[in-house]
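Numbering (the working numbering), first residue to last: 170 to 318.
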């Protein structure tokens, strides 16, 4: 059972992970059609999310016949909250359906969302890539080495 269901946020995480996994941040890119196919999603359904992630500075978009998407920043620099926020900020909050909901369940939901947000803030896209590796997934590309002194 999925307690806190945010379809746009989860799909955006899946998209960013797919791009980080398949294209990374180097010269490689992956197209929207390929992403949609791997995710089992409609291309037109993911394109608005891709555009939001580009506008938020999380993805680079390259146009043309060999165009596609790649990460704008290193996965270790991308907190999961940034990805979710890029696609959910404009969603209107639903009005609680009645006084009990307004006084009891709506505040509970806010507490749960705050706890989820805190956990997502502590995780980066790199953490998800490590989970993929631990699950036996092999990346088709490798990230360029990035030294910080």
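Just so it is clear, CB atoms sit at the ideal spot from N, CA and C, and this is done for glycine as well.
Values in this document were obtained by computation on a predicted structure and should not be read as measured data.
Simplified DSSP assignment, three categories, for residue 275: Reduced to three states, the DSSP call for residue 275 is helix.
Roughly how many whole angstroms lie between the Cα atoms of residue 268 and residue 257? Distance between the alpha carbons of residue 268 and residue 257: 26 Å.
What residue range does the alpha helix (DSSP H) around residue 245 cover? Taken as a continuous stretch (DSSP letters only), residue 245 belongs to no alpha helix (DSSP H), as it is neither H nor E.
Straight-line Cα distance separating residue 234 from residue 254: In a straight line, the C-alpha of residue 254 is about 30 Å away from that of residue 234.
C-beta contact flag for residue 300 and residue 190 at 8 Å: The Cβ atoms of residue 300 and residue 190 do not sit closer than 8 Å to each other.
Answer yes or no: do residue 231 and residue 240 have a C-beta to C-beta separation smaller than 8 Å? No.
State the Cα-Cα distance for the pair residue 204 and residue 277, rounded to the nearest angstrom. Rounded to the nearest angstrom, the two C-alpha atoms are 35 Å apart.
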